[in-house]
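Student: Please find one structure pasted underneath; my questions will follow.
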Amino acid sequence: MDKFVCLEGLVAPLDRANVDTDAIIPKQFLKSIKRSGFGPNLFDEWRYLDVGEPGRDNSSRPLDSDFVLNQARYRGASVLLTRKNFGCGSSREHAPWALLDYGFRAVIAESFADIFFNNCFKNGLLPVILPADQIDELFRLVEATPGYSLVIDLENQQVRRPDGQSLSFTVDAFRWECLLNGWDDIGLTLRHADSIRSFEECRRRQKPWLFAGA
Amino acid sequence: MPQTLYEKLWQDHVVVEEADGTALIYIDRHLIHEVTSPQAFEGLKLAGRKPWRVSSIVATADHNTPTDHWERGIEDPVSRLQVETLDSNIRETGALAYFPFKDPSQGIVHVVGPETGATLPGMTVVCGDSHTSTHGAFGCMAHGIGTSEVEHVLATQCLLQKRSMTMLVRVSGALGLGVTAKDLALAIIARIGTAGGTGYAIEFAGSAISKLSMEGRMTLCNMAIEAGARMGMVAVDEVTIDYLRGRPFAPKGELWDLAVNAWRHLHSDPDASFDRVVELAAAEIRPQVTWGTSPEMVVPIDACVPDPAEQADPVKRTGMERALQYMGLTPKQPISDIRLDKIFIGSCTNSRIEDLRAAAKVVDGRKVAENIKLALVVPGSGQVKRQAEQEGLDVIFRAAGFEWREPGCSMCLAMNADRLEPGERCASTSNRNFEGRQGAGGRTHLVSPEVAAAAAIAGRFLPPGELPPP
Ligand code: SF4
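Chains as they are written, first to last, in the numbering used here: chain H, 12 to 225; chain P, 127 to 596.
Below, the structure is given as structure tokens:
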């Protein structure tokens with residue numbers, strides 16, 4: 012996993028609540044057996060006027076010029092600003108993969124759906140939770156200010172606005188450390204291999220019916 | 127200290143707990159399907175790691191598989207590659223059970239797990255699929271995970287977790303005639319919202335829940351994720367134990383008695399306290415129909431489409447306006463005026479034998495309306511299909527003009543050929559009405575099997591009891 016320490020990035024505003032994983036990356040793209048290449052199909056049904064299919068050349072497809080990511084001023088954005096319950100729906104990790112592949116490194120919202128939130132941390136995409144009034148204000152500022160960017164400082168758990176104001180957020184300690192160091196969860200867990208083994212043995216003795224087929 | 131069911135299950139699975147509350151949780155059952163697993167197996171291989179305990183794995187192909195013309199195989203090459211990748215991964219790794227494409231027991235992973243007895247009370251059950259919450263119906267800690275976590279479970283048999291908050295949803299009384307677990311699930315979502323359960327493990331309890339069959343409990347727990355909760359659960363009782371007796375992977379003989387003894391403790395203690403309690407009266411719940419693009423956009427079947435102008439919250443108001451525009455509906459239009467194009471009876475929410483029986487009862491002796499272009503019944507598994515055929519349900523559906531298909535996810539998410547065309551409107555027994563879920567531009571109304579069946583006959587929404595006699 013890539014480390015996340017501090018990022019300064021252009022902000023794109025997606026002014027919708029309950030953005031679901033089917034909207035983030037529609038199902039036809041889940042047929043891929045790879046982890047990459049999802050960026051061109053991020054928000055596919057909102058970005059393009061036609062229906063996307065895996066394997067198609069996306070560069071020649073008609074764009075919906077009203078959709079926020081298609082506006083020139085948001086090209087190259089790495090911070091997505093959105094509303095509450097972002098990422099609701101399925102467990103597809105293709106959703107954070109698509110956001111990352113497109114170029115986003117952080118998503119700011121009032122709240123996130125649980126599984127999506129979890130999946131972000133596994134991939135070095137930082138979900139930042141801010142209170143509703145701060146989100147409202149950020150929407151106003153981003154829309155009023157071309158080129159509006161924010162500094163997302165994970166180390167100090169702060170979002171810094173260009174006017175010098177800083178907004179604090181919290182990430183739980185374990186995730187914070189993993190993300191700052193780019194640690195691989197599996198490697199960390201395997202340090203406890205002995206404990207897992209003895210837990211398992213004890214469980215097998217006490218509840219043998221859970222171990223059908225060995 | 128009195129404990130909730132969730133707390134008991136949590137405590138029983140903690141391997142190591144860190145100071146900040148992050149714990150390593152042991153996983154008993156790992157369900158796998160083709161869509162969310164290829165990258166996990168690849169990651170495992172790249173890191174030179176081996177699966178920790180292959181006998182915890184139960185796998186099946188369900189999302190991409192066609193529901194007709196099985197003799198032709200999987201015609202879409204991209205889908206085929208994904209299913210073949212599962213095939214080679216599982217054959218290489220091994221598993222307690224694997225039900226590949228065309229296997230007589232193949233089906234939707236959340237239907238197959240319980241019906242084979244691979245899902246047992248007291249287990250932790252995970253799957254790279256959000257509707258894993260279904261298995262909580264058996265008194266399990268069951269939830270969906272992402273692909274990185276699939277890899278993590280493969281490699282370590284554990285997951286890193288933080289304890290959830292607990293919510294009790296207590297439903298008292300008796301459900302009215304024609305009111306099902308699906309209506310109950312939608313009514314709960316209408317009450318708490320699609321983010322209402324975020325951060326919580328929900329336990330469903332109360333006299334209305336005790337009276338539900340296992341199928342009904344699975345429908346309810348299945349939809350817990352639609353209320354934002356990663357997991358839903360129901361305490362173990364006689365209904366649970368009766369359901370499991372004799373299932374292929376359920377314990378037998380002495381082991382069965384031992385297991386049943388342990389299972390009898392899987393309920394919340396009488397004085398256990400929850401972080402949040404929500405109360406509903408079963409008798410007040412009517413059959414539900416969603417009108418929008420989120421499961422919380424739902425009203426009783428005899429109501430009207432709501433008017434965004436009456437919504438004070440501006441973010442909600444624009445959400446409603448956008449939903450109405452997408453759905454092609456007008457404010458205050460009666461739900462019973464909505465005419466449909468397609469009917470889908472299936473998905474891990476409502477494709478079990480009881481669902482098919484209930485739908486068949488409505489359909490029996492009647493004909494699908496002329497305006498319905500396609501009415502599909504897709505059983506949840508090969509076993510459900512065989513059972514239904516033994517009971518003659520396929521004959522009832524076919525005679526009415528329904529298509530009777532092979533098992534799989536089908537038009538629940540339209541990864542295979544079953545889908546809505548842009549603008550088409552569907553009464554669906556599935557769980558998500560998101561934009562494009564059943565096909566780009568498609569319009570989904572979530573309903574119970576009874577309501578879907580009645581809609582097929584009437585061509586529009588009608589309470590099942592109001593159909594003219596056959
Ligand atoms: S039936 Fe639908 S919700 Fe259930 S597992 Fe399949 S795609 Fe997911």
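In this text, a Cβ means the ideal position worked out from N, Cα and C, and glycines have one as well.
Leaving out the 5 sequence neighbours to the left and right, which residues in its chain are closer than 8 Å to L74/H when beta-carbon positions are compared?
Tutor: Contacts found: R58, Y59, L60 and N81.
Student: Mind listing the chain P neighbours of K45/H? Cutoff is C-beta to C-beta under 9 Å, in chain order.
Tutor: Within chain P, the residues near K45/H are P164, Q165 and E168.
Student: Looking at the strands, I want to know which residues DSSP matches up with I471/P.
Tutor: BP columns for I471/P point to V503/P.
Student: How would you label M127/P, buried or exposed, when you count the other beta carbons within 10 angstroms and need 16 or more for buried?
Tutor: The residue in question, M127/P, is exposed, as its Cβ has fewer than 16 Cβ neighbours within 10 Å.
Student: Who are the neighbours of D33/H on chain P, taking C-beta pairs under 9 Å?
Tutor: Here the neighbours are L539, R558, F560, E561, G562 and R563.
Student: Should D188/P be listed as close to ligand 1, given that the test is whether its C-beta is under 7 Å from any heavy atom?
Tutor: Because some heavy atom of ligand 1 lies under 7 Å away, the Cβ of D188/P counts as near it: yes.
Student: If T193/P sits next to E532/P, beta carbons under 8 Å apart, how far is it from one beta carbon to the other, in whole angstroms?
Tutor: Confirmed, Cβ separation roughly 5 Å.
Student: Counting beta carbon pairs with one atom in the region 489 to 505 of chain P and one in the region 457 to 473 of chain P, are three or more of them shorter than 8 Å?
Tutor: At 8 Å Cβ cutoff, the stretches touch.
Student: What do you reckon, is the C-beta of I479/P under 7 Å from a heavy atom of ligand 1?
Tutor: Flag unset: Cβ of I479/P not near ligand 1.
Student: Between L286/P and T148/P, how many whole angstroms is the CB-CB distance? I'm expecting something under 8 Å.
Tutor: 6 Å between Cβ atoms; contact.
Student: Quick one: what's P138/H bridged to in DSSP?
Tutor: Answer is V118/H.
Student: Cβ closer than 9 Å: which chain P residues qualify as neighbours of Q168/H?
Tutor: Under the 9 Å cutoff, chain P gives no residues; its nearest Cβ is about 15 Å from Q168/H.
Student: Is any beta-carbon of chain H found at less than 8 Å from that of H236/P?
Tutor: Taking Cβ atoms only, chain H never reaches closer than 8 Å to H236/P, which makes this a no.
Student: Applying a beta-carbon distance threshold of less than 8 Å, which residues of chain H neighbour K288/P?
Tutor: Under the 8 Å cutoff, chain H gives D183.
Student: Looking at the C-beta of C474/P, does it have a partner C-beta in chain H at a distance below 8 Å?
Tutor: No, C474/P does not count as interfacial toward chain H.
Student: Output the boundary residues of the beta strand (DSSP E) element that contains T416/P.
Tutor: Its beta strand (DSSP E) spans residues Q414 to T416.
Student: Note down, in chain order, all residues in the region 89 to 112 of chain H with a beta-carbon under 7 Å from any beta-carbon belonging to chain P.
Tutor: Within the region 89 to 112 of chain H, the residues whose Cβ lies closer than 7 Å to some Cβ of chain P are R94, K95, N96, C99, G100, S101, S102, R103 and E104, listed in chain order.
Student: Quick one: residues in its chain with C-beta nearer than 6 Å to the C-beta of I471/P, no 5 flanking neighbours on either side, listed in chain order?
Tutor: A485, V503, T555, P575 and A578.
Student: Which of helix, strand or coil does DSSP assign to S206/H?
Tutor: Three-state DSSP puts S206/H in a helix.
Student: According to DSSP, simplified to helix, strand and coil, what is L5/H?
Tutor: With chain H running from 12 to 225 in the structure shown, residue 5/H is simply not present.
Student: Identify the continuous alpha helix (DSSP H) that holds C131/H and give its terminal residues.
Tutor: Here the alpha helix (DSSP H) through C131/H covers D125 to F132.
Student: Could you tell me the distance, in whole angstroms, from the CA atom of A388/P to the CA atom of V140/P?
Tutor: So the alpha carbons of these two residues sit roughly 18 Å apart.
Student: Provide the residue span of the beta strand (DSSP E) that contains R296/P, from first to last.
Tutor: Segment M291 to S298, the beta strand (DSSP E) holding R296/P.
Student: Can you grab the Cα-Cα spacing for the pair V360/P / L370/P, in whole Å?
Tutor: Spanning the two alpha carbons is a distance of roughly 15 Å.
Student: Are the C-beta of H278/P and some C-beta of chain H separated by less than 8 Å?
Tutor: Cβ-Cβ to chain H under 8 Å: yes for H278/P.
Student: Count the other C-beta atoms from every protein chain shown that fall within 10 angstroms of the C-beta of W196/P, then say buried if there are 16 or more, exposed otherwise.
Tutor: Answer is exposed; the Cβ neighbour count stays below 16.
Student: Would you say K14/H reaches chain P, if we count a Cβ-Cβ gap shorter than 8 Å as a contact?
Tutor: No - not a single Cβ of chain P is within 8 Å of the one on K14/H.
Student: Comparing the C-beta of R215/H with each C-beta of chain P, is any distance below 8 Å?
Tutor: No, no contact with chain P.
Student: What residues from the region 129 to 150 of chain P come within 7 Å of chain H, judged by C-beta to C-beta, listed N to C?
Tutor: For the region 129 to 150 of chain P, which is checked against every Cβ of chain H, the residues closer than 7 Å are V141, V142, E144, D146, T148 and L150.
Student: H261/P: beta carbon under 7 Å from a heavy atom of ligand 1?
Tutor: No, since every heavy atom of ligand 1 falls outside the 7 Å radius drawn around the Cβ of H261/P.
Student: For V426/P, which of helix, strand or coil comes out of DSSP?
Tutor: First, the amino acid is wrong: residue 426/P is Pro here, not Val. Of the three classes helix, strand and coil, the one that applies to P426/P here is strand, per DSSP.
Student: Give the residues of chain H in contact with Q283/P, contact being defined as C-beta atoms less than 8 Å apart.
Tutor: Those within 8 Å of Q283/P in chain H are I207 and E211.
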